[in-house]
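For the sequence shown, counting from 1, position 193 maps to 405 in the working numbering; every step adds exactly one.
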Amino acid sequence: MNQVTTIIIGTLFGLILSACAGEQTASIKATNQLEILAPYPGFIPISPQGDWAISGNADAVRNQMSMTDLKGRHAMQVKTGEQNFVIVRRTQAMMLATPFLRWDWLMNSHGPGTHPVRLVVGFGGGNPQGSNRGISPFTWLGSQLPPHDRALSVTWEDSALQRGNLLFSHNQKNVVPRYVVRGGRENVGRWFSEFLDLSELYSSAWPNDKFGEVRVMFIGMAVAKSKKPTSALVTNVALTR
Numbered sequence: 213m214n215q216v217t218t219i220i221i222g223t224l225f226g227l228i229l230s231a232c233a234g235e236q237t238a239s240i241k242a243t244n245q246l247e248i249l250a251p252y253p254g255f256i257p258i259s260p261q262g263d264w265a266i267s268g269n270a271d272a273v274r275n276q277m278s279m280t281d282l283k284g285r286h287a288m289q290v291k292t293g294e295q296n297f298v299i300v301r302r303t304q305a306m307m308l309a310t311p312f313l314r315w316d317w318l319m320n321s322h323g324p325g326t327h328p329v330r331l332v333v334g335f336g337g338g339n340p341q342g343s344n345r346g347i348s349p350f351t352w353l354g355s356q357l358p359p360h361d362r363a364l365s366v367t368w369e370d371s372a373l374q375r376g377n378l379l380f381s382h383n384q385k386n387v388v389p390r391y392v393v394r395g396g397r398e399n400v401g402r403w404f405s406e407f408l409d410l411s412e413l414y415s416s417a418w419p420n421d422k423f424g425e426v427r428v429m430f431i432g433m434a435v436a437k438s439k440k441p442t443s444a445l446v447t448n449v450a451l452t453r
């Protein structure tokens with residue numbers, strides 16, 4: 213990846229990029245896998261270009277994201293602070309062609325409730341009433357994310373007993389459902405490898421949509437501001453079949 217003249221990006225992820233509707237998107241390798249975040253030493257996530265998009269405070273990305281090496285794994289360290297932001301990679305991948313999402317993460321203690329660092333996935337094309345022009349799925353952000361008509365939040369909760377729950381909020385407009393992958397105070401500070409079937413989750417969340425037309429529009433991380441500072445390490449995020 214070329215070095216940006218105004219802001220040093222560092223070494224990005226070594227992926228083949230393709231142009232789509234005037235914007236770049238990550239492309240699937242010959243291994244039938246689309247790597248989203250596979251960082252290695254030298255990557256500096258200051259101002260993602262091309263197939264990356266930021267919604268929220270860009271300075272927070274610069275201040276709260278950095279590369280680290282913990283227990284033999286190169287990972288993106290994401291810290292919480294006083295600002296909200298979402299950073300995602302445009303994908304445009306057919307959901308049924310690459311339905312599985314995998315990643316590794318290590319979550320640090322955050323107190324009660326949902327960990328402020330979570331994965332987010334945006335979808336487009338399946339909602340019969342959707343225009344794919346985009347919604348505002350996070351009430352604390354604007355609408356700067358790539359176009360999508362559905363979105364899902366993948367979270368870590370304070371209790372391990374919540375694992376496997378798909379949760380909806382009926383009290384707030386445009387709040388996306390969240391799927392609890394894991395949680396529990398007893399599990400913080402440990403690496404976990406996760407594997408999700410996005411097509412199964414999508415059909416559970418939106419059973420009346422057109423599954424064959426659904427594309428995964430973006431995958432990334434959302435960080436909510438928190439009074440108690442905490443952090444998470446994320447690496448090896450990929451779509452696969």
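Even for Gly, the Cβ is constructed at its ideal location relative to N, Cα and C.
Cβ neighbours of residue i in the same chain (closer than 7 Å, five flanking residues each side left out)
i	result
L357	A265, S267, V298, V300, G334, G346 and F430
N244	T452 and R453
S465	Here the chain covers residues 213 to 453 and nothing more, so residue 465 does not appear.
Other residues of its chain near residue i: CB distance less than 6 Å, five sequence neighbours each side excluded
i	result
H322	T442
H327	M319 and W368
V449	I248, L249 and W315
Q374	V392 and G395
R390	S365, T367 and L379
8 Å CB neighbourhood of residue i in its chain, flanking five on each side removed
i	result
W418	G338, N339 and R362
M277	P257, M288, Q289, V290, K291 and I299
N420	P340
Span of the alpha helix (DSSP H) around residue i
i	result
Q276	A270 to Q276
S415	L410 to A417
Proximity winner among the options, relative to residue i (alpha-carbon distances)
i	options	result
T447	D281, G424, E398 and R302	D281
P459	S365, L331 and R427	The question about residue 459 has no answer here: the residues shown for the chain are numbered 213 through 453.
N275	A309, A287 and Q295	Q295
S371	N399, S365 and R390	N399
D409	D271, L308 and G401	L308
S411	L331, W317, E425 and V388	E425
Extent of the continuous beta strand (DSSP E) to which residue i belongs
i	result
H322	Note, H322: premise wrong, no beta strand (DSSP E); not H, not E.
G432	R427 to V435
V392	R390 to G395
L246	Q245 to L249
E369	R362 to E369
G336	V329 to G336
M307	Run containing M307: none; DSSP gives neither H nor E here.
Beta-carbon proximity of residue i to residue j, cut-off 8 Å
i	j	result
F312	F423	no
T310	L413	no
S332	A434	The sequence shown places Val at residue 332, not Ser. Cβ distance < 8 Å, so V332 and A434 count as in contact.
G293	K437	yes
Residue i - partner residues in DSSP beta bridges
i	result
S443	K291
M279	M288
L378	Y391
F407	R314
V300	A265 and G432
V449	L249
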